[in-house]
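First up is the structure itself, then whatever we jot down about it.
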Amino acid sequence: MAKGWTRRRVIGGIVLLLVVGGIGGTAAMRIAKKAGEGSGGKDGTAPPVALEFSSSDLARVEALPLARWLPVSGALQPVRQATVKAKVSGDVRQITVREGETVQAGQLLARIDTADLEAKLAERIGALESAKAQLALAEKTRATNLALLKQNFISQNAFDNSESSYSVSRGTVKSAEAQVQLARNALRDAIATSPLNGVVAKRHVQPGEKVAFDSPLVTVVDLRDLELQAAVPAVDVPELAIGKAVELSIDGFGERRFTGRVERINPATGPGTRAILVYVGIPNADGALRGGMFATGRIALAASEPVATLPATAIRTEGGQTYVWMVEGGKLVRRGVVTGRRDDAAGRVEIKTALPAGAPVLAARFDNLKDGAPAIVKAPAPAPLPAPASAPTSGGMQAAG
Numbered sequence: 013m014a015k016g017w018t019r020r021r022v023i024g025g026i027v028l029l030l031v032v033g034g035i036g037g038t039a040a041m042r043i044a045k046k047a048g049e050g051s052g053g054k055d056g057t058a059p060p061v062a063l064e065f066s067s068s069d070l071a072r073v074e075a076l077p078l079a080r081w082l083p084v085s086g087a088l089q090p091v092r093q094a095t096v097k098a099k100v101s102g103d104v105r106q107i108t109v110r111e112g113e114t115v116q117a118g119q120l121l122a123r124i125d126t127a128d129l130e131a132k133l134a135e136r137i138g139a140l141e142s143a144k145a146q147l148a149l150a151e152k153t154r155a156t157n158l159a160l161l162k163q164n165f166i167s168q169n170a171f172d173n174s175e176s177s178y179s180v181s182r183g184t185v186k187s188a189e190a191q192v193q194l195a196r197n198a199l200r201d202a203i204a205t206s207p208l209n210g211v212v213a214k215r216h217v218q219p220g221e222k223v224a225f226d227s228p229l230v231t232v233v234d235l236r237d238l239e240l241q242a243a244v245p246a247v248d249v250p251e252l253a254i255g256k257a258v259e260l261s262i263d264g265f266g267e268r269r270f271t272g273r274v275e276r277i278n279p280a281t282g283p284g285t286r287a288i289l290v291y292v293g294i295p296n297a298d299g300a301l302r303g304g305m306f307a308t309g310r311i312a313l314a315a316s317e318p319v320a321t322l323p324a325t326a327i328r329t330e331g332g333q334t335y336v337w338m339v340e341g342g343k344l345v346r347r348g349v350v351t352g353r354r355d356d357a358a359g360r361v362e363i364k365t366a367l368p369a370g371a372p373v374l375a376a377r378f379d380n381l382k383d384g385a386p387a388i389v390k391a392p393a394p395a396p397l398p399a400p401a402s403a404p405t406s407g408g409m410q411a412a413g
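Residue 13 is where the sequence shown starts when you use our numbering, and the numbers rise one by one after that.
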């Protein structure tokens with residue numbers, strides 16, 4: 013029973029192989045037949061298929077004026093900022109602000125210990141009182157000697173001595189008064205206040221530190237108006253003018269654009285360069301911008317004279333070479349070109365290489381193109397003629413055809 017079952021399985025497998033082989037042979041014959049029918053040349057190779065391009069795929073060289081832009085870039089800086097410095101030396105008793113806090117003009121920022129300054133003021137006031145007493149005595153002596161001189165009881169020389177003593181005492185009083193005023197000024201200068209409305213950018217000292225004269229205490233910046241300092245080529249400066257608009261993009265703000273204006277132009281080039289600094293003012297009423305942010309932008313210049321241009325999509329670059337695809341004599345032709353200025357807004361590029369007049373250029377992107385491949389420019393379909401209007405009958409119905 014087992015042997016019979018095994019024999020049947022072997023016979024079934026052989027039959028299956030014969031059937032599969034027959035099907036495969038039939039398919040191979042069909043493929044070979046189709047290949048033979050499709051071969052148009054004597055050597056059995058298929059002729060190349062001509063590429064068809066519609067008018068929407070093509071462009072032609074046009075003489076157009078190109079918009080010109082002057083690029084600028086740099087870090088933003090506040091127009092108004094101040095570093096408040098110590099006007100007297102001493103220990104810092106109090107710092108009332110921290111970085112990032114808003115302050116108003118005249119607001120207290122720091123206070124320096126005034127014990128020594130108060131003592132010095134008291135000393136100067138005492139010296140002033142002593143000088144005033146000496147002046148009063150010298151004035152009385154002068155008045156007495158003047159009366160004696162008129163009565164010839166003293167000589168002119170004795171009166172001159174008393175007059176001189178009076179003048180010296182009066183000068184001593186004035187000097188003492190000045191010293192008192194200086195001591196009072198120093199006492200007032202021990203209190204540092206903000207010179208403008210703004211935001212605290214840096215606190216340079218901490219309470220308890222000893223500072224010398226002219227040491228920085230607090231830096232305050234006003235962010236309502238920022239400025240961009242950009243170096244531009246000197247040859248482009250004659251086309252700039254105060255008030256020209258500048259379109260700016262700033263790192264961190266994505267697609268948001270800011271508008272500034274040229275506010276100042278430096279009268280001389282920088283040392284060792286042929287560049288001139290241009291100062292672009294940027295309003296910042298909402299306080300979104302910060303000092304030190306990097307900005308890039310462009311300044312619109314006068315449009316150029318009409319030049320030969322092509323759409324930017326027609327320009328290809330490969331291996332450092334710039335070229336275009338053209339259709340000439342029923343074939344694709346790859347031509348190297350030299351490009352000039354670009355107008356990104358219009359999507360046009362200046363072509364400095366002379367191209368055949370009126371020759372169609374591929375403006376759309378195509379892959380796997382080969383130089384010399386057959387190509388056809390498909391003529392646009394004619395516009396359909398409007399259907400003739402049927403004349404209405406007297407009863408308001410159209411006549412039947």
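For every residue, glycine included, the Cβ atom is placed at its ideal position computed from N, Cα and C.
Predicted model, so just to flag it, every value in this text is computed and none were measured.
- Only exposed fits ILE254, as fewer than 16 other CB atoms lie within 10 angstroms of its CB.
- Between the alpha carbons of ARG196 and LYS132 lies a distance of about 9 Å.
- If you draw a 10 Å sphere on the C-beta of ILE363, you find 16 or more other C-beta atoms in it, and that means buried.
- Spanning the alpha carbons of ALA150 and SER177 requires a straight line of approximately 6 Å.
- For SER176, there is no enclosing beta strand (DSSP E); the enclosing alpha helix (DSSP H) covers residues 168 to 201.
- Put simply, the stretch 324 to 331 does not touch the stretch 262 to 279. Fewer than three CB pairs are less than 8 Å apart.
- By the C-beta density criterion, ASP355 is buried, having at least 16 other C-beta atoms within 10 angstroms.
- DSSP, reduced to helix, strand and coil, places VAL361 within a strand of the structure shown.
- DSSP places LYS214 in the uninterrupted beta strand (DSSP E) bounded by 210 to 215.
- Distances from the CA of THR285 to each of VAL258, ALA246, GLY293 and PRO90 were compared; the closest alpha carbon is that of ALA246.
- Within the DSSP secondary-structure output, VAL389 pairs in a beta bridge with PHE65.
- In this structure, GLY272 lies near VAL292, with their beta-carbon atoms less than 9 Å apart.
- At a Cβ-Cβ threshold of 9 Å, LYS97 and PRO228 count as neighbours.
- Cβ contact annotation for LEU76 (same chain, cutoff 8 Å, sequence separation greater than five): PRO318, VAL319, THR321, ALA358 and ARG360, in chain order.
- Pairing VAL84 with ILE311 gives a Cβ-Cβ distance under 9 Å.
- The Cβ atoms of TRP337 and VAL389 lie no closer than 9 Å to each other.
- Around the beta carbon of ALA202, a 10 Å sphere encloses 16 or more other beta carbons of the protein chains shown; the residue is thus reported as buried.
- For GLY348, no alpha helix (DSSP H) run applies; the uninterrupted beta strand (DSSP E) run containing it begins and ends at 343 to 348, by DSSP.
- In the three-state reduction of the DSSP assignment, THR156 falls in the helix class, which pools H, G and I.
- With the rule of 3 Cβ pairs closer than 8 Å, the stretch 376 to 385 counts as touching the stretch 60 to 80.
- Assignment of beta-bridge partners to ASP237 by DSSP yields PRO295.
- One thing to note: ARG347 has its Cβ within 9 Å of the Cβ of TYR335.
- According to the DSSP secondary-structure assignment, PHE306 is paired through a beta bridge with ALA87.
- In this model, ARG200 and LYS162 are separated by some 51 Å (Cα to Cα).
- The residue from ALA297, ASP172 and ALA314 with its alpha-carbon nearest to that of LYS256 is ALA314.
- With respect to the 9 Å criterion, GLY102 and SER206 are not classified as neighbours on the basis of their beta carbons.
- The C-beta of THR114 has fewer than 16 other C-beta atoms within 10 Å across all chains shown, which makes the residue exposed.
- Residues TYR178, SER181, ARG182, THR184 and VAL185 of the same chain have their beta carbon placed closer than 8 Å to that of LEU147, with the five preceding and five following residues left out of the count.
- Considering only ALA287, GLY342, GLU189 and ALA242, the residue with the shortest C-alpha distance to ALA371 is GLY342.
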